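First up is the structure itself, then whatever we jot down about it.
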Amino acid sequence: MQLEVLTPEKKLYTGEVYGVQLPGIDGSFEILDKHAPLIAALGKGKMKVLTDKNNAEFFTIAGGFVEMLNNTATVLIEGAE
């Protein structure tokens, strides 16, 4: 699946990934390849980008939203480290 992570200032990440784990406002959840369409609010916490089954990149986010549509996850966040 394709992943884009955007902040108001810049594009933080873009590329083909295995999946992404996100901190939802009611708990964390994971989006994998071919996930059903989805829009969800995000809370503060760790975002784990699964670049493949064995490797990951981590970002600390300050909340935002995620949209999953046509096998593309777009994560709009207020800020990240």
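Letter by letter, the sequence shown follows residues -11 to 69 in my numbering.
Idealized CB from N, CA, C, for every residue including glycine.
Note that this is a predicted model, so its numbers are computed, not measured.
TODO: Closer than 6 Å by C-beta to V63: which residues in its own chain qualify, once you throw out the five before and the five after it? Chain order, please.
DONE: Excluding its 5 nearest sequence neighbours in each direction, V63 has C-beta neighbours in its own chain below 6 Å: V(-7), V54, listed in chain order.
Task: Collapsed DSSP secondary structure at K41 in the structure displayed - done: K41 sits in coil when the DSSP states are folded into three classes, being neither helix nor strand.
- [ ] Quick one: residues in its chain with C-beta nearer than 7 Å to the C-beta of G31, no 5 flanking neighbours on either side, listed in chain order?
- [x] Contacts found: P11, G12, I13, G51.
TODO: Look at K22 and N58 and say whether their C-beta atoms are less than 8 Å apart.
DONE: Taking a C-beta distance under 8 Å as the contact criterion, K22 and N58 do not qualify as a contact pair.
Open item on the list: Nearest by alpha-carbon distance to F46: which of M(-11), A28, G7, I27 is it?
Closed with: Taking only the C-alpha atoms, the option nearest F46 is G7.
Task: C-alpha distance - K34 paired with I19, whole-angstrom precision - done: Approximately 14 Å, taken between the alpha carbons.
TODO: Would you list the residues sitting across from Y1 in a DSSP beta bridge?
DONE: Y1 has V(-7) as its beta-bridge partners, per DSSP.
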